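Top line first, the protein sequences correspond to chains A and B.
In terms of my numbering, the first sequence opens at residue 1 and continues consecutively.
In terms of my numbering, the second sequence opens at residue 1 and continues consecutively.
Where is the CB? At the ideal position from N, CA and C, for every residue including glycine.
A quick note: this is a predicted structure, and the numbers were derived from the prediction, not measured.
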Amino acid sequence: MASVSMTVNGKAVSGEVDPRTLLVQYLRETLRLTGTHVGCDTSQCGACVVHVDGQAVKACTMLALQCEGADVLTIEGLANGAELHPMQAAFREHHGLQCGFCTPGMIMTAVDMVHRLGNDLPETTIREELEGNLCRCTGYHNIVKSIAAGARDMAASPMRQAAE
Amino acid sequence: MAANGTGIGARVLRLEDRRFLTGRGRYTDDINRDGQLHASFLRSPHAHARIRSIDVAAAATMPGVEAVYTGRDFRKVDAFDALTDEDVGGLICGWMIHSKDGSPMKAGAHPALAKDVVRYVGDHVAVVVARTLREAQDAAEAIVVDYDVRPSVTDVAKARAPGQPEVHEGIAGNTVFEWEIGNKAETEAAFASAAHVTRIDLTNNRLVPNPMEPRVAIGEYDPGEEAWTLHTTSQNPHVARLILSAFVGLAPEHKLRVVAPDVGGGFGSKIFVYAEEVVCLWAARRLKRPVKWTSDRSEAFLADAHGRDHVTRAELATDAEHRITGLRVHTTANLGAYLSTFASSVPTYLYATLLSGQYAIPAIHAEVDAVYTNTAPVDAYRGAGRPEATFVVERLVEVAARELGLDPVAFRRRNFVRSFPHQTPVIMSYDAGDYDAALTKALEMADTAGFAARRADSERRGRLRGLGYSAYIEACGIAPSQAVGSLGAGVGLWESAEVRVNPTGNIEVLTGSHSHGQGHETTFAQLVSDRLGVPIDAVKIVHRDTDKVQFGMGTYGSRSGAVGMSAVAKALDKVIAKGRKVAAHVLEASEQDIEFKDGAFTVAGTDRSLGFADTALQAYVAHKFNGSELEPGLKEGAFYDPTNFTFPAGVHICEVEIDPATGVTTIERFTAVDDFGNVINPMIVEGQVHGGIAQGVGQALMEGARYDETGQLVTASFMDYAMPRAHDLPEIAIGMTVTPCPSNPLGIKGCGEAGAIAAPPAVINAVTDALGHEDIAMPATPAAVWRAVRARALPMAAE
Numbered sequence: 001m002a003s004v005s006m007t008v009n010g011k012a013v014s015g016e017v018d019p020r021t022l023l024v025q026y027l028r029e030t031l032r033l034t035g036t037h038v039g040c041d042t043s044q045c046g047a048c049v050v051h052v053d054g055q056a057v058k059a060c061t062m063l064a065l066q067c068e069g070a071d072v073l074t075i076e077g078l079a080n081g082a083e084l085h086p087m088q089a090a091f092r093e094h095h096g097l098q099c100g101f102c103t104p105g106m107i108m109t110a111v112d113m114v115h116r117l118g119n120d121l122p123e124t125t126i127r128e129e130l131e132g133n134l135c136r137c138t139g140y141h142n143i144v145k146s147i148a149a150g151a152r153d154m155a156a157s158p159m160r161q162a163a164e
Numbered sequence: 001m002a003a004n005g006t007g008i009g010a011r012v013l014r015l016e017d018r019r020f021l022t023g024r025g026r027y028t029d030d031i032n033r034d035g036q037l038h039a040s041f042l043r044s045p046h047a048h049a050r051i052r053s054i055d056v057a058a059a060a061t062m063p064g065v066e067a068v069y070t071g072r073d074f075r076k077v078d079a080f081d082a083l084t085d086e087d088v089g090g091l092i093c094g095w096m097i098h099s100k101d102g103s104p105m106k107a108g109a110h111p112a113l114a115k116d117v118v119r120y121v122g123d124h125v126a127v128v129v130a131r132t133l134r135e136a137q138d139a140a141e142a143i144v145v146d147y148d149v150r151p152s153v154t155d156v157a158k159a160r161a162p163g164q165p166e167v168h169e170g171i172a173g174n175t176v177f178e179w180e181i182g183n184k185a186e187t188e189a190a191f192a193s194a195a196h197v198t199r200i201d202l203t204n205n206r207l208v209p210n211p212m213e214p215r216v217a218i219g220e221y222d223p224g225e226e227a228w229t230l231h232t233t234s235q236n237p238h239v240a241r242l243i244l245s246a247f248v249g250l251a252p253e254h255k256l257r258v259v260a261p262d263v264g265g266g267f268g269s270k271i272f273v274y275a276e277e278v279v280c281l282w283a284a285r286r287l288k289r290p291v292k293w294t295s296d297r298s299e300a301f302l303a304d305a306h307g308r309d310h311v312t313r314a315e316l317a318t319d320a321e322h323r324i325t326g327l328r329v330h331t332t333a334n335l336g337a338y339l340s341t342f343a344s345s346v347p348t349y350l351y352a353t354l355l356s357g358q359y360a361i362p363a364i365h366a367e368v369d370a371v372y373t374n375t376a377p378v379d380a381y382r383g384a385g386r387p388e389a390t391f392v393v394e395r396l397v398e399v400a401a402r403e404l405g406l407d408p409v410a411f412r413r414r415n416f417v418r419s420f421p422h423q424t425p426v427i428m429s430y431d432a433g434d435y436d437a438a439l440t441k442a443l444e445m446a447d448t449a450g451f452a453a454r455r456a457d458s459e460r461r462g463r464l465r466g467l468g469y470s471a472y473i474e475a476c477g478i479a480p481s482q483a484v485g486s487l488g489a490g491v492g493l494w495e496s497a498e499v500r501v502n503p504t505g506n507i508e509v510l511t512g513s514h515s516h517g518q519g520h521e522t523t524f525a526q527l528v529s530d531r532l533g534v535p536i537d538a539v540k541i542v543h544r545d546t547d548k549v550q551f552g553m554g555t556y557g558s559r560s561g562a563v564g565m566s567a568v569a570k571a572l573d574k575v576i577a578k579g580r581k582v583a584a585h586v587l588e589a590s591e592q593d594i595e596f597k598d599g600a601f602t603v604a605g606t607d608r609s610l611g612f613a614d615t616a617l618q619a620y621v622a623h624k625f626n627g628s629e630l631e632p633g634l635k636e637g638a639f640y641d642p643t644n645f646t647f648p649a650g651v652h653i654c655e656v657e658i659d660p661a662t663g664v665t666t667i668e669r670f671t672a673v674d675d676f677g678n679v680i681n682p683m684i685v686e687g688q689v690h691g692g693i694a695q696g697v698g699q700a701l702m703e704g705a706r707y708d709e710t711g712q713l714v715t716a717s718f719m720d721y722a723m724p725r726a727h728d729l730p731e732i733a734i735g736m737t738v739t740p741c742p743s744n745p746l747g748i749k750g751c752g753e754a755g756a757i758a759a760p761p762a763v764i765n766a767v768t769d770a771l772g773h774e775d776i777a778m779p780a781t782p783a784a785v786w787r788a789v790r791a792r793a794l795p796m797a798a799e
């Protein structure tokens, strides 16, 4: 066992882990933050995307130990209390989710996309940027619309960027 | 529509979204029970082998291991907790098909854990139960199995050939059944007198459903209550409970609770009862500890039921006036190594009964031979038989039109069914539709008039452009119980509902339907809001738990609107009738004079009225009537059994551009015009169409499960099996036409599968139109298209 400490959703956490524990296993099994999902075993689906030090990361590709001292943001930490993050609200408004399983990873990817590329995202850019996220329900049609709208809304509502 | 804007037809945002958006959904893998152990399965690495011996000694002593079980241990437990000599019951197939000679289908034994023989790569050999998943996985690797590897067969086209190995010893020619439907003599006569016969050979490629949430099962046993609980990723928890108790024999039905909480997509693959569910329940009883198994994606590829996998020869006879006079089909369907829960119904009654398409065809004869192979079981996947039928009909009609030099649109119109009800030669009686209307609207939306100019532009750029149509019909709302019973179904296919009005006036609706992405918590609540005139947030939809909902048949076959909501509507009618009695007592009026409108019971012609919530309160306080006149309370239940299938239909048009240098096909436009009857929530319906089309496009251009000659699944990860990603798909234009369904009280037809049914032939008709020849199979990958281009020496872009 090895000890690890990091900040998750603004809270300091620490503990002993089996060194082979992946970040996604640490989040789901140890911290019981089950909003981050596991949809594959080849880092293809993107259901486990979280932010590590402000960057989108597939939590199945990092060991928990690699996050020593890091600042981790998961889907559970995105909303501001009862108020949905603009990207979450946009997914609801544009029916960008059906079964909801890929949704946390989609939203974390989308927020990262806005941080990197700005608030005016052409549809083709969004589709290319979703290369690492699979959805089987929506045909992506409404996810693309949700992200475009969410990106615009994030410009109007900078609360989250300020928090990060 | 309800005055509050949340009734039938309103674009209501989903009530269930918040928990999914904030990471607070509760999927089965998110559940952990006190004292829980973890299971890891050892799976067969061979497609076909006899198990000589299994040595679990090393595995059993590894850290954290509580137990290792093989097929030899998998026996029933008696009241004193001892293993008996009787094996646990095998998994069953719930639909009996008889061959044309009258013999019943040949169902090979389907044990949850293999005893002597393994029959596909991924078959269940042993299970380790340990304190942690990692310990279970480590120990599973330490099990030593001595296999006597046998020859295997995986190709559907070869399964019946002489000299092929028998998947189940004694089932000759690997033949499950040889079934037929329609009228052979009339069909042969039609072909004998035909002016033209079109003949095509088709493959309907094998697909892996791949809902994003892999399967999970948590078995629990309470020794005090002598009761079991199974949390599982199911589309139909009550059906699972029935099979596990009545057939597998693990627990009596009243002592077994099955809960299917938030489920991350199903597409058919979570209808079935699987080995892992059986093993986790059984092991929980043995160990008196909860036992959890979570599939990884590799296991999902290997052991979830796959879909499709047909090879077909189809022929269409036309007369001199270009009217279709006959259709003849021979299909061989791969059912895999074992018969999954509803496997036998898919290539028979869910397939060949739709072979008339939207066309008036006087004579149809179809033969279906179902075969065993050394592959994962094949069962229902989105559309289940209807995509296969539509692919046959719409490819055949398209090719016939091209051979005859006719406009494919005109040829279709010439043969459309136009009067209803229309009895086809293959059981179905179409109740309502307007196929011309959908076609006309689709042509307009797709701007087919401008296609020639767009094609010319593509040609100038060295690209090939094609246009493809698909005029599909499907049968949903399964199904009238008596009808399916006469066809071999082991269950009735009605649905149940219970409406509980609380004293404070809010409402719980219990339904046997199960939502795993469809948004029932919103659409079912819309129906209640509409009928009772109450705010939508006063309604809670209760589903997914056999301890809460008495019984139900679950969600598949686009049945939840037409059947599930019809049951709710029926129960709501009873609630209103009871409420009228209560209000009559309170308002001191005759029951006949009470009207229910806009959420209130009113004495006709007066301003005396009682709101719905007040009526509920009065029903429970029961001060205004005595028990001999009226029972207190406001709770009603209903079972709804449909009178017919429903028949959604429509036209999808696909326009593609092919780069002949690379073989890459780009979908430039995709237009879908569907008639789903009345629509509860257009936003959700459109989402269903988008998703269905994505899966249909995936089948047409990208997806294909492949086994190699040794029976290894070579497409067993998302790196090898091409699921559509966002940039593979176009924007989708959606239109609707409406002919209300006359067979249910809400006029609903169902929308969940249309896209997956309609899209494949639309895409392939477009690709073949672009290529200028018909010789391309699904999936039309860039490599396949490039080879097709080369074979015909079409002009290269670079030249």
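Beta-carbon separation (whole angstroms), residue i vs residue j, contact threshold 8 Å
i: A705(B); j: P642(B); result: Rounded, the Cβ-Cβ distance is 34 Å, inconsistent with contact.
i: A56(A); j: D112(A); result: 4 Å
i: D431(B); j: P742(B); result: 5 Å
i: I143(A); j: G96(A); result: 5 Å
Interface partners of residue i on chain A, CB under 7 Å
i: I693(B); result: G139
i: D17(B); result: R92 and L97
i: H690(B); result: T138, G139, H141 and N142
i: H514(B); result: Chain A residues near H514(B): none, gap ~12 Å exceeds 7 Å.
i: D30(B); result: T34
Chain-ordered neighbours of residue i on chain A, where CB pairs are closer than 9 Å
i: D262(B); result: C99, G100 and F101
i: I684(B); result: H95 and Q98
Closer than 7 Å at the beta carbon, the chain B residues around residue i
i: A2(A); result: Those within 7 Å of A2(A) in chain B number zero; the least Cβ separation is about 15 Å.
i: L31(A); result: Simply none; closest approach about 12 Å.
Under 8 Å by beta carbon: chain A residues contacting residue i
i: Y803(B); result: Limits of chain B in this structure are 1 at one end and 799 at the other, which puts residue 803(B) out of reach.
i: I732(B); result: G139 and H141
i: E213(B); result: H37, G39, C99 and F101
i: T22(B); result: G35, I75, E76, L78, A79, L84 and Q88
i: D101(B); result: None at all; the shortest Cβ gap to chain A is about 41 Å.
Contact set between residue i and chain B, taken where Cβ atoms lie within less than 9 Å
i: D18(A); result: T132 and R134
Proximity of residue i and residue j at Cβ, strictly below 8 Å
i: A649(B); j: D675(B); result: yes
i: L406(B); j: A275(B); result: no
i: L350(B); j: T390(B); result: no
i: R215(B); j: A300(B); result: yes
i: A777(B); j: T203(B); result: yes
i: L746(B); j: N678(B); result: yes
i: D769(B); j: L467(B); result: yes
i: R50(B); j: D148(B); result: yes
* Which residues, in order along the stretch 62-76 of chain A, keep a beta-carbon less than 7 Å from a beta-carbon of chain B? -> Listed by position, the residues of the stretch 62-76 of chain A near chain B (Cβ gap below 7 Å) are T74, I75 and E76.
| Within 8 Å of chain B by C-beta, residues of the stretch 33-50 of chain A in sequence order | L33, T34, G35, T36, H37, V38, G39, C40, D41, T42, Q44, C45 and A47
Q) Going along the chain, which unbroken runs of the alpha helix (DSSP H) with 4 or more residues stay wholly within the stretch 72-144 of chain B? A) 133-141
Beta carbons nearer than 9 Å to chain A: which residues of the stretch 471-492 of chain B have them? none
* **Length-filtered (4 minimum) alpha helix (DSSP H) runs lying within the stretch 319-382 of chain B** => Whole alpha helix (DSSP H) segments, 4+ residues: zero.
Margin query: Along the stretch 107-127 of chain A, where does the CB come closer than 9 Å to a CB of chain B? Name the residues.
Written below: For the stretch 107-127 of chain A, which is checked against every Cβ of chain B, the residues closer than 9 Å are I107, E123, T124, I126 and R127.
I'd like the ranges of any alpha helix (DSSP H) spanning at least 4 consecutive residues and lying wholly in the stretch 265-329 of chain B.
For the stretch 265-329 of chain B, whole alpha helix (DSSP H) runs of length 4 or above, ordered along the chain, are 275-287 and 297-303.
Please give me, in chain order, every unbroken run of the beta strand (DSSP E) with length at least 3 that falls completely inside the stretch 153-232 of chain B.
175-182, 196-204, 216-222 and 227-232
Quick one: which unbroken beta strand (DSSP E) runs of 3-plus residues sit fully inside the stretch 478-502 of chain B? Chain order, please.
-> Scanning the stretch 478-502 of chain B for uninterrupted beta strand (DSSP E) segments of 3 residues or longer gives 495-501, listed from N- to C-terminal end.
Tell me which residues of the stretch 709-732 of chain B have at least one Cβ-Cβ distance to chain A shorter than 7 Å, keeping chain order. S717, F718, M719, M723, R725, A726, H727, L729, E731 and I732
Can you list, in chain order, the stretches of the beta strand (DSSP E) that have 3 or more residues and sit fully within the stretch 54-116 of chain A?
-> DSSP runs (the beta strand (DSSP E)) wholly in the stretch 54-116 of chain A: 55-58 and 71-73.
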